[in-house]
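Okay, so the sequence shown: first residue is 452 according to this note's numbering, each after it adds one.
So the structure is just underneath, and the comments pick up after that.
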Amino acid sequence: MLREALTLIGAGQVTGVDDLATRLGLSSSLAGQLVDDLVRLGYLQGASTCTSTCRSCPLSDGCAGMSQVFALTERGRRAVTSP
């Protein structure tokens, strides 16, 4: 499940914790805990909240400034691409 979460986030297919929860079949609180753990373990960069002025953000159409956005760290990218 961790690798699947990292893959979805790395591919830009997730617009926030609620979206991740839906895609993984988890509760929002469990998905939030998963993201917190991935940040703590160094697989994700700290979450930041978008603003409505994120015109250049590829997720701007989907989140409307209401979601948290995450990015893979180098360690996260290696975890996704390793066999």
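All C-beta atoms in this analysis are idealised placements derived from N, C-alpha and C, irrespective of residue type, glycine included.
For clarity, every value in this text was computed on a predicted model and none was experimentally measured.
Please work out which residues of its chain come closer than 7 angstroms, Cβ to Cβ, to M452, disregarding the five sequence neighbours upstream and downstream, and give them in chain order. The residue you call residue 452 lines up with position 1 of the sequence shown. Same-chain partners within the cutoff: L475.
How would you call G493, buried or exposed, if buried means at least 16 neighbouring beta carbons within 10 angstroms? Translated into the one-based positions of the sequence shown, residue 493 becomes position 42. G493 sits exposed, since fewer than 16 C-beta atoms from the chains shown fall within 10 Å of its C-beta.
Express the C-alpha separation of A456 and R528 in angstroms, rounding to a whole number. The count along the sequence shown starts at 1 and reaches residue 528 at position 77. The count along the sequence shown starts at 1 and reaches residue 456 at position 5. Between R528 and A456, the C-alpha separation is close to 12 angstroms.
What's the C-alpha gap between P538 and R454? Since the first and last residues shown for the chain are 452 and 534, residue 538 lies out of range.
Close-in-space but distant-in-sequence residues of the same chain around A522 (CB under 8 angstroms, 5 per side omitted): To locate residue 522, count along the sequence shown from 1; it is residue 71. Excluding five sequence positions before and after A522, the CB atoms of its chain that fall closer than 8 angstroms to its own CB belong to I460, L495, Q496, given in chain order.
Taking buried to mean at least 16 other C-beta atoms within 10 Å of its own C-beta, is D470 buried or exposed? One-based indexing of the sequence shown puts residue 470 at position 19. Burial call: buried.
Where S472 and G483 are concerned, what is the direct C-alpha to C-alpha distance, given to the nearest angstrom? Here residue 472 is taken as the residue at index 21 of the sequence shown, counted from 1. Here residue 483 is taken as the residue at index 32 of the sequence shown, counted from 1. Just to set this straight, residue 472 is Ala in the shown sequence, not Ser. Going from the Cα of A472 to the Cα of G483 covers about 8 angstroms.
Given this structure, state the Cα-to-Cα distance separating L481 from E525, to the nearest angstrom. Position 30 of the sequence shown, counted from the start, is the residue given in the question as residue 481. Position 74 of the sequence shown, counted from the start, is the residue given in the question as residue 525. The C-alpha of L481 lies about 24 angstroms from the C-alpha of E525.
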